[in-house]
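Asks: Okay, here's the structure, questions in a sec.
Protein chains: 2
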Amino acid sequence: MNISEAADITALPAKTIRYYEEIGLITPGRSANGYRSFTNTHIHQLTFLARARALGFSVEDCRSLLALWEDRDRASADVRNIAATHLGAIEAKIADLSAMRDTLSHLVNTCAGDNRPDCPILNSLSSSD
Amino acid sequence: MNISEAADITALPAKTIRYYEEIGLITPGRSANGYRSFTNTHIHQLTFLARARALGFSVEDCRSLLALWEDRDRASADVRNIAATHLGAIEAKIADLSAMRDTLSHLVNTCAGDNRPDCPILNSLSSSD
DNA sequence: CTTGACCTTCCAGTGACTGGAAGCCCTATG
DNA sequence: CATAGGGCTTCCAGTCACTGGAAGGTCAAG
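For the record, the sequence lines run as chains A and B. Here the first sequence stands for residues 0 to 128, numbered as in numbering that gives the first Met the number 0. Here the second sequence stands for residues 0 to 128, numbered as in numbering that gives the first Met the number 0.
Following this line, the structure appears as structure tokens:
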């Protein structure tokens, strides 16, 4: 099948699929006219990639996971390590964002938000009281 | 003062300070020898920028906030709007990441992580059971 | 035969820096 | 006075994962 059908099935933009080929994540064949030719195997790989990306894995993690997926003798520990590391990073990011949210929501709640210039948000940004 | 002292005081890398000048967030003067020359005003601006960035505001938001900060007649509503919009984006991101975390932590917990190849993480990425 | 949809490659831009190279400036020491 | 070092300058390239757009080849329908 051509790229637009692959894009429809996997819900990935065609541009992204071309990019994944460019960086060597997938290697579709070519038809006589030069068009990329996708098989079910490629669709499975793209679906796998889309799901892994949706879980926030980096493209390089996806590359590793895809290689492990295609290795019938892999150790699940290798997969688990990647996932656990990524989980840690996500939790750290959630913690960072939660701290920002707490500070910001407090500031937004204390700011009158009217025509007057007095603003606790700017006060907080300009001095560390 | 020179850039390294400004960098020490504000805890911003010198590279970042140069970048902020390049994009017009600050406009330090120049000494006779061509070195950037920072005054207390610039230090205040940089400190403000560092705090706003630490709260996750984009550089463009920072530009707006800085302009509002320097406008004695601003309406606090303008500031509040920027902050509230940003707060919404942060909350959305936290929600996204929390969903990832929930899925991932479940998968990590159910994966044996040993030498055997069977791996719920890969199973989940390859089929939508 | 033309139209329009599809495909190709290549180049540039995103955000917010960061690293590094090449070279000028300043101070201190031998 | 020469030199060594550190700090400063500019400019270019790279990061990450795409995304937009231009220029042009291919194919099926009318």
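The beta-carbon is built from N, C-alpha and C at its ideal position, and this holds for glycine as well.
#1: Could you tell me whether any Cβ in chain A is nearer than 9 Å to the Cβ of Leu96/B?
#2: Assess contact between the stretch 109-119 of chain A and the stretch 84-96 of chain A, defined as three or more Cβ pairs (one per stretch) separated by less than 8 Å. Is contact present?
#3: Measure from the alpha carbon of Pro12/B to the alpha carbon of each residue in Leu48/B, Asn39/B, Asn108/B, Ile93/B, then state which is nearest.
#4: Where Cys61/A and Ile81/A are concerned, what is the direct C-alpha to C-alpha distance, given to the nearest angstrom?
#5: Per DSSP, which one or two residues make a beta bridge with Gly23/A?
#6: Alpha carbon to alpha carbon, how far is Arg100/A from Arg50/B? Give it in angstroms, no decimals.
#7: Please report whether the beta-carbon of Gly28/A lies at a distance below 9 Å from any beta-carbon of chain B.
#8: Sort out for me which residues DSSP pairs Gly28/B with in a bridge.
#9: Beta-carbon within less than 8 Å of Leu24/A's beta-carbon, same chain only, minus the 5 sequence neighbours each way: which residues are those?
#10: Does DSSP classify Asp7/B as helix, strand or coil?
#11: Rounding to the nearest angstrom, what Cα-Cα distance links Leu212/B and Phe56/B in this structure?
#12: Less than 9 Å between CB atoms is the rule here; does Arg62/B satisfy it with respect to chain A?
#13: Within the 9 Å Cβ cut-off, does Pro116/B reach chain A?
#14: Please return the same chain residues whose Cβ sits closer than 6 Å to the Cβ of Val78/B, not counting the five positions on each side in sequence.
#15: What whole-angstrom Cβ distance do Thr109/B and Leu54/A have, given they're in contact under 8 Å?
#16: Determine, using beta carbons only, whether Leu103/A comes closer than 9 Å to chain B.
#17: Using a Cβ cut-off of 9 Å (strictly closer), state whether His41/A contacts chain B.
#18: Report the rounded CA-to-CA distance for Phe37/A versus Ser125/B, giving the unit in angstroms.
#19: If the cut is a Cβ gap below 8 Å, which residues of chain B does Asp72/A touch?
#20: When burial is assigned at 16 or more other CB atoms within 10 Å of the CB, is Ser123/B buried or exposed?
#21: Can you name the start and end residues of the alpha helix (DSSP H) that Leu124/B belongs to?
#22: Under 9 Å, Cβ to Cβ, is there at least one residue of chain A near Asn1/B?
#23: Out of Pro119/B, Thr9/B, Ala76/B, state which residue places its alpha-carbon closest to the alpha-carbon of Ala74/A.
#24: Nearest to Asp70/B by alpha carbon, out of Asp117/A, Ala94/A, Gly28/A?
#25: If I measure Cβ to Cβ from Thr26/A and keep anything under 7 Å in the same chain, skipping five residues before and after, which residues do I get?
#26: Ser57/A CB to nearest chain B CB: under 9 Å?
Replies: Judging by the given coordinates:
#1: yes
#2: no
#3: Leu48/B
#4: 10 Å
#5: In the DSSP output, where bridge partners are listed per residue, Gly23/A has none listed.
#6: 14 Å
#7: no
#8: Ser36/B
#9: Gln44, Leu48, Val58, Cys61, Arg62, Leu65
#10: helix
#11: Absent from the structure is residue 212/B, since the part of chain B shown begins at 0 and ends at 128.
#12: no
#13: yes
#14: Leu67
#15: The Cβ separation is near 15 Å, so there is no contact.
#16: yes
#17: no
#18: 17 Å
#19: Pro116
#20: buried
#21: 119-125
#22: no
#23: Pro119/B
#24: Asp117/A
#25: Glu20
#26: no
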